Each structure stands twice: as C-alpha cells, then as structure tokens.
Amino acid sequence: MSDNATKDVQIERTLSAPVSLVWQMWTVPEHFKAWYGPGGATIPVAEFDLTIGGRRHVCMAMETPNGPMQMWFVGQHNEIAVDERLVYTESMSDEEGNVISPAMMGMPEGHPETTEVQVDLVSVDGGTAMTMTHVGVPADSPGAGGWGMAIDKLEAHLQSLAS
Amino acid sequence: MREERLNDAFAALANPTRRAMLAQLALGEASVSELAHPFAMSMPAISRHIKVLERAGLIVQGQRAQYRPCTIDASPLHEIADWTEQYRPIWEERFDQMDGYLENLQRGEPTKNKQTKEKDPKNNE
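First to last, the sequence lines map onto chains A and B.
Quick note on this note's numbering: the first sequence kicks off at 298 and runs consecutively.
Quick note on this note's numbering: the second sequence kicks off at 2 and runs consecutively.
Structure follows, in structure tokens:
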C-alpha cells in the first residue's frame, strides 16, 4: 500500500481567541472536556500530565443503540512548547491505561494502534491559527503494533502474487 | 454501512487462526479442508471462522458442490488503510465545538455545553 502508513489528517482553523486560551483547550481538562467529544459523546475523564513523556488519559462516553459505551485512550506528551506546539500520542486503552488494539475493541475506525496528534498554534490578526495534524505512527516504529504491519505485509504479498 | 464493514473486517482480523487462513488464501484458492488442515480444530469451529471472514467480505466462498473453494478479497483492507479520511469529519466537528466554546467563554457566558456541566461539577461556577 505504498506510503499509506504515513498518511495523515491535517486541519487548519483560525479561531478568534488568543493562543494562550487555545493552548488551554488542549491542556486543561475542564476546557478539553467541553469540546472534544464528537457526535454527542461526553468526556467524563481527562487527565493530562503536562511533562515530556507524561501521560494523557481520556475517557469518551456515548449512548449507542446497544446502551452506554465507554472508550478509553492513553498516550504520552512528546513535545510541549507552551502556546506554540503540543505533540502527543494516542492509543485505545482500558480504564487503567493498558493499550488495547483497535480491533480488539471492535472499533469502526480502522486507525493504527498508535497515532500522534500534533497541534501548532500561531498568533495572527484577530486570533490564533491552529494546525492539527493527526498521523499514524509508521508501521516500523517501536510504538506501532499489529494491524498496520500485518496489513502492509498482506498487501505486499498480494501484490507480489499479482505481478 | 461502511463503518459496519470496517467493524467486521477488524473483528475478523483479530484472530490468529483467521489471519493464518487469509495468509494461506493469499497463495491461492483453497478448500475448506485445506484451510482446516494446519489447525487442530473441529470442522464446525473451522466453518465458524470461515463464516466470520466471509461476513467481513475478506473471502468469497464458491458455490461448486462438495468442493467449495475459498478465495481472498482484500478490498476491505483498503478501507482500513484509509483511516485518516474517517477521522477528518470527527476533528472538524470537534473544532466547530471548540470554536463555539471559545466564543461563549470569551463572552463570559456560562458554557452551553450541558454535557460537561453534568459530568464535571467543578465547571458549575
């Protein structure tokens, strides 16, 4: 699948708020909880240890046709430049923060076991330009587990057979 | 529908026996008994694994009587590789919410996000 392993989602937004406040959106639990849950999901737990290597632990809760559902995420802070840049990893986990493969969770999103979120903030006229990049951790890095690699191998194998 | 399909594909791949079956099928079509051969498993157990792979759209089972060869179909794997496109709308929605929240916050209005209020009493001034 060629360079799919390094695909990313990049979104740029200009927000009418100072960088210091936008920074808090990502780093202060009570603010993070207010916007992070998509599609009616709530964030009952958000714990951020704002040090390099420090843990992020987030719980997302939602109502599904099959009843309430909770998803836990764990990761660590890799870069912290206050009001400028925040980089953290994210994996699905259990309540204690043990990583669980997305497949084991029966998750609809087929994302890699570990992803990295990079947030860059720049002060602009009237507010903050925010660039968020969400990347899959490459399949050959130590943090990357199972699926990415397994699928890459299977794909490569299928391609070699077809040629 | 797409989510369901991905869900099925992931669930199907979450099992070493089924991954081994796919690996074998990547080499070419195989009958159920050929697929069963490497495993110390009952035929009903093998059949269940095949059913899971079939439901996930990862394999196709032929209709020839007796010998019903299985073949692999890798297309659901391409959707898995495209995880990023499924994440984009989620982030867009989050940032819309962030935008609205920032606006309220700076206007000094209590946040309209009742979800947060309920869950976090500290947010209730």
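Beta carbons are placed, not taken as given, at the ideal position from N, Cα and C, and that holds for glycine.
Being a predicted model, the structure only gives us computed values, none of them experimental.
Beta-bridge analysis with DSSP links MET359 (chain A) to A:MET366. At a cut-off of 8 Å, the C-beta of ARG382 (chain A) has no neighbouring C-beta in chain B. Of all C-beta pairs linking the stretch 84-104 of chain B to the stretch 54-62 of chain B, fewer than three are shorter than 8 Å, placing the two stretches out of contact.
The distance from the Cβ of THR425 (chain A) to that of VAL419 (chain A) is about 7 Å, consistent with a contact at the 8 Å cut-off. If you draw a straight line from the Cα of ALA24 (chain B) to the Cα of PRO315 (chain A), it comes to about 53 Å. Per the DSSP secondary-structure output, SER388 (chain A) pairs in a beta bridge with A:VAL371, A:THR411. Here DSSP, grouped into helix, strand and coil, assigns ALA24 (chain B) to helix.
In the DSSP assignment, ARG310 (chain A) falls within the unbroken beta strand (DSSP E) covering 305-312.
Among the residues of chain A, none has a CB under 9 Å from the CB of MET22 (chain B); the nearest is roughly 12 Å distant. Interface with chain A (8 Å Cβ-Cβ cutoff): THR85 (chain B) is included. Counting the other CB atoms within 10 Å of its CB gives THR348 (chain A) a total below 16, which places it among the exposed residues. Residue state for GLY63 (chain B) is assigned as coil, using DSSP reduced to three classes.
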